[in-house]
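Structure first, then comments.
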Amino acid sequence: MSDAWRIVEDDLSGAAIRALLEQHFAGMLANSPAGSCHFLDFDGLRAGDVTFWSIHKGEDLAGCGALKMLDGAHGEIKSMRTAEAFLRQGVAAHMLVHIVAEARSRGLERLSLETGSGPAFEAALALYRRHGFEDCDPFADYKPDPFSRFMTRKL
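Per full-length UniProt numbering, residue 1 is the first one in the sequence shown, and the count goes up by one each step.
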């Protein structure tokens, strides 16, 4: 068993990734009103403009993340989630570095995200800030929402 992180494009068919995403959906709904939750469901994550990855340590699923293409120059980070057994071990940072590198390789000029605004989202907000993301106005089809935070960075 390897101790290295392994990130793979994922087709969402495995039981472990489906269970992690179900936890992700439930966590979003537990911390924000349904109308303020903007996560992609399974069909949304399989859309042609979305690439979804899972991150593993050895054989264990550690987390996931996705890149949604908004247009030829702008992408959105979606579905960042760390499995509970891997919290505070750098999983999200590894996935974020991967998504930023992928966005650059696709020639994107900007990468943005929407996340929650309450205490449950503070660790995520701190991670994004450490990686150069700054608060911004709503983008794409988003509207101002007290339960949402919008962040962006130039690539």
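From the three backbone atoms N, C-alpha and C, an ideal C-beta is built for every residue, glycine too.
Residue i to residue j span [Cα, whole Å]
i      : j      : result
Gly72  : Leu108 : 6 Å
His98  : Met80  : 12 Å
His56  : Pro144 : 35 Å
Ile77  : Lys68  : 6 Å
Arg106 : Gly48  : 15 Å
Met151 : Arg18  : 27 Å
Gly58  : Thr82  : 15 Å
Val100 : Gln23  : 24 Å
Beta-carbon proximity of residue i to residue j, cut-off 7 Å
i           : j      : result
Leu155      : Leu111 : yes
Asp11       : Trp53  : no
Gly65       : Met28  : no
Val91       : Gly63  : yes
Arg153      : Gly132 : yes
residue 161 : Ala103 : With the chain running from 1 to 155 in the structure shown, residue 161 is simply not present.
Phe42       : Phe25  : no
Where the alpha helix (DSSP H) containing residue i begins and where it ends
i     : result
Glu22 : 15-31
His94 : 91-105
Counterpart residues of residue i in DSSP-defined beta bridges
i      : result
Gly75  : Met69, Leu111
Lys57  : Trp5, Asp60
Gly116 : Ser148
Arg81  : Cys64
Per-residue burial, residue i [other beta carbons within 10 Å of its own, 16 or more giving buried]
i     : result
Gly75 : buried
Glu84 : exposed
Leu87 : exposed
Opening and closing residue of the beta strand (DSSP E) in which residue i lies
i      : result
Arg149 : 148-154
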